[in-house]
Amino acid sequence: MPFVANGKEALTFQELLFRLQSFWAERGCVLQQPYDVEVGAGTMSPDTFLRVLGPKPVRIAYAQPSRRPADGRYGENPNRLYKHTQFQVILKPPPADVQEVYLDSLRAIGIDLKKHDLKFEEDNWEWPVGGAWGVGWQMMLDGQEITQFTYFQQCGGLDLEPMCGEITYGLERIAQFLQGVDSIYDIVWAIEPDTGKQTTYGEIRLYEEEQYSTYSFDYADVNKLWEHLNAYEAECLALLDAAKGMPELESLKAQRRFPVLGAYELALKCSHVFNLLDARGAISVTERVGVMARIRTLVVGVAKAYAHQQELTVPTEALPA
Amino acid sequence: MADFLFEIGLEEVPARMIASAQAELATRVETLLGRERLLEEGSFVTSYSTPRRLAVLVTGVRTQQPDAVEEMLGPSLKVAYKDGEPTPAAAAFAKKAGVSLSDLKTVTNAKGEYLGATVTRPGKAAAEVIAAEMPKEIAGIYWAKNMYWRAGKPERFVRPVKWMIALLGEAVVPVEFAGVSAGNTTRGHRILFGADAITIARPSEYLAALEKAFVLADVAVRRQKIRKALDAVTRTVSGARWREDLELVETVTHLTEWPYVVPGSFETGYLELPEEVLVTVMRDHQKYFAVEDAGGKLAAHFLTVLNIEPDAEGLEIIRTGNERVLSARFNDARFFWEFDQKTTLVNRMENLKHVTFQKDLGSYFAKAERVRKVAAELARLCEERKTDADAAALDQAATIAKTDLTCELVKEFTELQGVVGGLYARAQGLSETVALAVYDQYLPASMEDAVPRTVEGLLLSISDKADTIGGMFGLGLEPTGSKDPFGLRRAANGIVKMLAEAKLPLLLSEIAGLGSEHSATATKVEQFFTERVEFYLKDVKGYAYDVVKAVQAAGADDVPDAVARAQAVTEVRGSEDFAAISAAFKRMKNILTQAREKGENAAWTPDFLVEPAERTLAEQSGRLAAWVEGQRREKQYVEALQTIATLRPHVDAFFDKVMVMAPEERLRAARLGLLNRVLQDFSRIADFSEIVTAG
Chain Z
1 MPFVANGKEA LTFQELLFRL QSFWAERGCV LQQPYDVEVG AGTMSPDTFL
51 RVLGPKPVRI AYAQPSRRPA DGRYGENPNR LYKHTQFQVI LKPPPADVQE
101 VYLDSLRAIG IDLKKHDLKF EEDNWEWPVG GAWGVGWQMM LDGQEITQFT
151 YFQQCGGLDL EPMCGEITYG LERIAQFLQG VDSIYDIVWA IEPDTGKQTT
201 YGEIRLYEEE QYSTYSFDYA DVNKLWEHLN AYEAECLALL DAAKGMPELE
251 SLKAQRRFPV LGAYELALKC SHVFNLLDAR GAISVTERVG VMARIRTLVV
301 GVAKAYAHQQ ELTVPTEALP A
Chain R
322 MADFLFEIGL EEVPARMIAS AQAELATRVE TLLGRERLLE EGSFVTSYST
372 PRRLAVLVTG VRTQQPDAVE EMLGPSLKVA YKDGEPTPAA AAFAKKAGVS
422 LSDLKTVTNA KGEYLGATVT RPGKAAAEVI AAEMPKEIAG IYWAKNMYWR
472 AGKPERFVRP VKWMIALLGE AVVPVEFAGV SAGNTTRGHR ILFGADAITI
522 ARPSEYLAAL EKAFVLADVA VRRQKIRKAL DAVTRTVSGA RWREDLELVE
572 TVTHLTEWPY VVPGSFETGY LELPEEVLVT VMRDHQKYFA VEDAGGKLAA
622 HFLTVLNIEP DAEGLEIIRT GNERVLSARF NDARFFWEFD QKTTLVNRME
672 NLKHVTFQKD LGSYFAKAER VRKVAAELAR LCEERKTDAD AAALDQAATI
722 AKTDLTCELV KEFTELQGVV GGLYARAQGL SETVALAVYD QYLPASMEDA
772 VPRTVEGLLL SISDKADTIG GMFGLGLEPT GSKDPFGLRR AANGIVKMLA
822 EAKLPLLLSE IAGLGSEHSA TATKVEQFFT ERVEFYLKDV KGYAYDVVKA
872 VQAAGADDVP DAVARAQAVT EVRGSEDFAA ISAAFKRMKN ILTQAREKGE
922 NAAWTPDFLV EPAERTLAEQ SGRLAAWVEG QRREKQYVEA LQTIATLRPH
972 VDAFFDKVMV MAPEERLRAA RLGLLNRVLQ DFSRIADFSE IVTAG
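Protein sequence lines correspond, in order, to chains Z and R.
1 is the number of the first residue of the first sequence in our numbering; add one for each residue after it.
322 is the number of the first residue of the second sequence in our numbering; add one for each residue after it.
Encoded structure:
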């Protein structure tokens, strides 16, 4: 139930999530739970990064806590977070009226578009480490970027066939916008129905911001992080090497069970450790290019192995033409 | 005769690509109709666009192509008939021409007798031609970035195609593209009108129908509406003006279908931040227009261009929303500003060791060391040549010039590199000379841009660019063709422009030498500079091609001097005497070239000259040469050139009375020697033989 914030009705943070979930569930999306390995964006969850590969149609939506250590501000900046929440919608292929559906989703969360200024401004998304890119827009609502809308073209260096629509809502920004609060920490997360007592975003998350920022800027052991990075990388590379032997495995079952997903998690671990090293100021510009190339090898390698595994194990006749 | 309307409806096209695509579509449609003989005399093409559409309206289009009569040439008669009977070759030709064998005729030309046919091709219906040709034209439009969206990737286009209109008069032309069939319906403003289709009965109704649906499809009208609204809204703040920004006006024009302007304010406290930072946030990040007071100082207001006309409540919501966003952005900038002050620029030098300039050229720390050396030497040369430069301040500026690359504010607003360094230098108590030099170090960014304001700023910018160019050339990374990934042409153009406009007493060869590690590299860089001088004189200053060639032939190492000489030559070249001298010098040069090819000697032996005309020329040219040389040293180029022109009667008399290639060898050599001497003496300002003269 909407409450009144700054003189207007608005959704709480959790109601915002409910609304988006039911909106997209009603349009055929499977609601997935957040992925449980550290990622910098919802795109990196295997529910996006791997499911967009191959011919199988997908409609899936999920909230994804996304960690960007360098953006941490010890909880002192009202607009920046170490960890923010994306709501990710994957539509493969997107319906022809996907833009209109998106506008309806804004109406569903209480935005009266006649009373706001909405613009589709060019913004082409790119994740070079994942060999992934797309073209699209940042959706600007009254000067605030509230959504990234992308037509995903390539992933892991592979052309997507069919092409995939990706809609990423920035939940904190939208909630801040809906509730008219100047600080993320003042967002009302929930209201107790009996008492009307409000719980704020700050009460739920501030301590995380303080401690994660402190860890990544001040405490993280640089040498240990490098060791983690090397260890995760080595294991991932070993798995990718073994993946080359997938066609020779004795059974379809063995092929299906080959842990490409395990390799992907190791690659994601590397990416997160890299971000921590970066926040710690431990990576020079020169090293940066080199380490990113190493992680790219892993991520792109996983995408190729995943696509290969799908070809081997998913019967093509089960797929729509 | 009818009007033709074509509209292609798209998901929002990037603003930066619309203007050129609109123009290209109009050209393509006009070319297509012209090529297919579908344009009447006096037909007229107009084009429109919004983020969601490109459109072309052509008046005076024929609905039917005129019939065409064509003469076709077939096989030779020998091949076409055997024993008086038509062969299969004749039959094939008749079939190809679409006539019966009896309609074939004989054509005689230079090669012999051939079979011929007069073919009347009936004109096709315009609709048929347009439907067949239009898809290729649409597909051919250039987009800086394309996408695919349909299964099997049958086409790539800027964004998915949603609808098309192709109307010839009141009839739909069946154009198909990207799986969309053209019809006679368009769409209005997404929010103000909604998703309903709007029928366009005939092309002339297009603009009015869209306007009713809250779409201003005429770009000029939209631009004008925005400018007027910006004016009107700014008037509500007394004494205020919006800051003219042509580029931003274009951007917002191409981001809106139904523009509307709303003003907003921010806390005056933010005005403590440098104006450069505030304007960058407003303009580059938020697409807001900055507002200034009567004195030109930034005011705590901004203007934003909406793509909607809201009611009063909506207006208030939108204003507050934009104010909140801007305030958050400014807050970030203030956070970065304060955070950056914790480490001074001077103390950031060590950090530069970890910032790579180029992998084979090392870090920015190494670059700073090299630039300091170049700058010190340039300052010394300036000093020696009576141009004051504060060498100590220049050295400090060169030392810290790149440290702002390690600052958070520059990481956030990369376009402010240099500017932020200059502002921090000032805030950290470094001298104004140092601050200005650092601030201006990337100038000029283009040929239209200003050059650094101080000698130290100029020398820093020149040293930095010379080091980059010399370093890249040393690695073999010089620009090739249209490829110039490191912007070296722009850097060299900048050096030439700075030397020319600030009239610095520095030679390009000196700069090339200081910026390059090896002499072989310096030679290549010098050659590269020479090309840039040519570009500067011709394309930037607009001097005629032959003037530039003539001036460069006399050397262009000293850029301001080359500019002065080009100016002088341009001033005198119109005079009759000068034109005659130019023509005579060309003749002398040709004679000498031919003589040299024949192995003739040229010797300066005036005593062997015999004819009065040649003895006079020798005397007079000798006298004038000394005079001209004096004027040249004083850089009185126009006067010097006018002096040279007075040689004309003597030169004319010489060519009138004297045959250069005299039979006697010694006399011949003396005459050639005279010509050689005249050319040498009078070609130090410009090589006049390069000047193109009439006749």
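Every residue, glycine too, gets a C-beta built ideally from N, C-alpha and C.
All figures in this text were calculated on a predicted structure; none of them were measured in a lab.
Can you confirm whether residue i, when its beta carbon is compared against all beta carbons of chain R, has any partner nearer than 9 Å?
i                 : result
His84 of chain Z  : no
Trp226 of chain Z : no
Val135 of chain Z : yes
Met163 of chain Z : yes
Gly180 of chain Z : yes
Tyr324 of chain Z : No statement about residue 324 of chain Z is possible, as the shown extent of chain Z runs from 1 to 321 and does not include it.
Gln144 of chain Z : yes
Asn201 of chain Z : Before going further, note that residue 201 of chain Z is Tyr rather than Asn in the sequence given. No, Tyr201 of chain Z does not count as interfacial toward chain R.
Can you find the residues in the same chain that come closer than 6 Å, C-beta to C-beta, to residue i, ignoring five residues on each side of it along the sequence?
i                 : result
Arg523 of chain R : Glu491
Tyr745 of chain R : Leu666
Phe514 of chain R : Ala534 and Phe535
Gln331 of chain Z : Nothing about residue 331 of chain Z can be reported from this structure: the residues present for chain Z run from 1 to 321 only.
Under 7 Å Cβ to Cβ from residue i, same chain only, skipping five residues before and after it: list those, please.
i                 : result
Ala689 of chain R : Leu673, Ala719, Thr720, Ala722 and Lys723
Asp566 of chain R : Arg604 and Phe610
Gly433 of chain R : Ser397
Gly381 of chain R : Met322, Leu360, Glu361, Gly363, Ser364 and Phe365
Glu311 of chain Z : none
Pro800 of chain R : Leu809 and Arg810
I'd like to know if residue i contacts chain Z, where contact means its C-beta is closer than 9 Å to some C-beta of that chain.
i                  : result
Tyr857 of chain R  : no
Gly742 of chain R  : no
Lys1017 of chain R : Past the boundaries of the shown model lies residue 1017 of chain R; chain R is included only from 322 to 1016, so the question cannot be answered.
Trp563 of chain R  : no
Gly1016 of chain R : Bear in mind that the predicted position of Gly1016 of chain R carries a pLDDT of just 49, short of 50, making it unreliable; the figure below should be weighed with that in mind. No, because no Cβ of chain Z sits closer than 9 Å to the Cβ of Gly1016 of chain R.
Gln607 of chain R  : yes
Leu647 of chain R  : yes
Val536 of chain R  : no
Trp484 of chain R  : no
Ala900 of chain R  : no
Please report how far the alpha carbon of residue i lies from the alpha carbon of residue j, in whole angstroms.
i                 : j                 : result
Ala321 of chain Z : Pro55 of chain Z  : Residue placement at Ala321 of chain Z is poorly supported in this model, since its pLDDT is 44, which falls under 50; the coordinates are not used for a value here.
Lys919 of chain R : Ala787 of chain R : 45 Å
Ala303 of chain Z : Cys29 of chain Z  : 23 Å
Gln941 of chain R : Lys907 of chain R : 20 Å
Asn814 of chain R : Lys870 of chain R : 18 Å
Pro826 of chain R : Lys694 of chain R : 18 Å
Gln14 of chain Z  : Glu613 of chain R : 43 Å
Glu38 of chain Z  : Leu268 of chain Z : 7 Å
Leu682 of chain R : Thr789 of chain R : 9 Å
Asp860 of chain R : Val741 of chain R : 32 Å
Tyr369 of chain R : Ala305 of chain Z : 48 Å
Glu932 of chain R : Glu777 of chain R : 60 Å
Ala974 of chain R : Ala934 of chain R : 6 Å
List the DSSP bridge partners of residue i.
i                 : result
Ile90 of chain Z  : Z:Ile60 and Z:Glu166
Glu392 of chain R : R:Thr439
Ser368 of chain R : R:Val377
Whose C-beta lies closer than 8 Å to the C-beta of residue i among residues of the same chain, with five residues either side of it excluded?
i                 : result
Ala412 of chain R : Leu422
Glu333 of chain R : Pro372, Arg373 and Arg480
Phe498 of chain R : Ile329, Met455, Pro456, Ile459, Ala460, Glu476, Val482 and Met485
Gly143 of chain Z : Asp117
Pro93 of chain Z  : Pro57, Pro162, Met163, Cys164 and Gly165
Does chain A have any CB closer than 9 Å to the CB of residue i?
i                 : result
Tyr469 of chain R : Reference to chain A is not applicable here, since the protein chains of this structure are Z and R.
| Along the chain, which unbroken stretches of the beta strand (DSSP E) at least 3 residues long are found entirely within the segment 404–441 of chain R? | 426–430
| said: Please give the ranges of any alpha helix (DSSP H) in the segment 551–616 of chain R, keeping only runs that are unbroken, at least 4 residues long and fully inside the region. | reply: 567–574 and 596–601
| Which ranges would you report for the alpha helix (DSSP H) in the segment 926–1008 of chain R if only whole runs of at least 4 residues count? | 933–954, 958–966, 969–978 and 986–1003
| request: Could you name each continuous alpha helix (DSSP H) segment of 4 residues or more that falls completely within the segment 228–305 of chain Z, going from the start of the chain to the end? | output: 252–257 and 260–279
| task | Starting from the N-terminal side, write out each stretch of the beta strand (DSSP E) that is 3 residues or longer and does not extend beyond the segment 87–162 of chain Z. | result | 118–122, 132–141 and 144–155
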